[in-house]
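For reference, the structure is listed below as structure tokens.
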Amino acid sequence: MLLITRRTNESIVINDNIEVTIVEVRGGRVKLGFEYPEGNTVYRKELYLKIQEENQTAASNSGDISKLLSSIKNKE
């Protein structure tokens, strides 16, 4: 892990097209500002992990959906 010390209103640049600015530091919390190209997404890590978990669950249930559709078609 790379550690960089920054103060309020200072920034870092990632891959020439992502800029992260320290907007505010107060009471153990840091407010960050992000400038990045359109079409990219930025998630808080806990939300990103939840999305990944939901995607894996949905992918593993796709066989169940196929079985359900087959059983519905057989009843018709």
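Residue 87 in the numbering used here is what sits at position 64 of the sequence shown, and the numbering runs on without skipping anything. From the three backbone atoms N, C-alpha and C, an ideal C-beta is built for every residue, glycine too. Since this is a predicted model, take the numbers as computed values, not measurements.
Between which two residues does the alpha helix (DSSP H) carrying residue i extend?
i          : result
residue 77 : 68 to 83
Could you say which of the options lies nearest to residue i if we only look at CA atoms?
i          : options           : result
residue 33 : 40, 51 and 56     : 56
residue 63 : 93, 94, 42 and 96 : 42
residue 37 : 27, 80 and 92     : 27
Since residue i is in the beta strand (DSSP E), which residue starts that stretch and which ends it?
i          : result
residue 55 : 52 to 58
residue 47 : 41 to 49
Identify, in the order they occur along the chain, each residue of the same chain with its Cβ nearer than 8 angstroms to the Cβ of residue i, setting aside the five sequence neighbours on each side.
i          : result
residue 40 : 59 and 60
Output needed for residue i: all residues of its chain with C-beta closer than 6 angstroms, excluding positions within five of it in sequence on either side, in chain order.
i          : result
residue 44 : 34 and 56
residue 15 : In the structure as shown, the chain starts at 24 and stops at 99, and residue 15 therefore has no counterpart that could be examined.
For residue i, I'd like the list of residues in its chain whose CB is within less than 7 angstroms of its CB, leaving aside the five on either flank, ordered along the chain.
i          : result
residue 29 : 35 and 45
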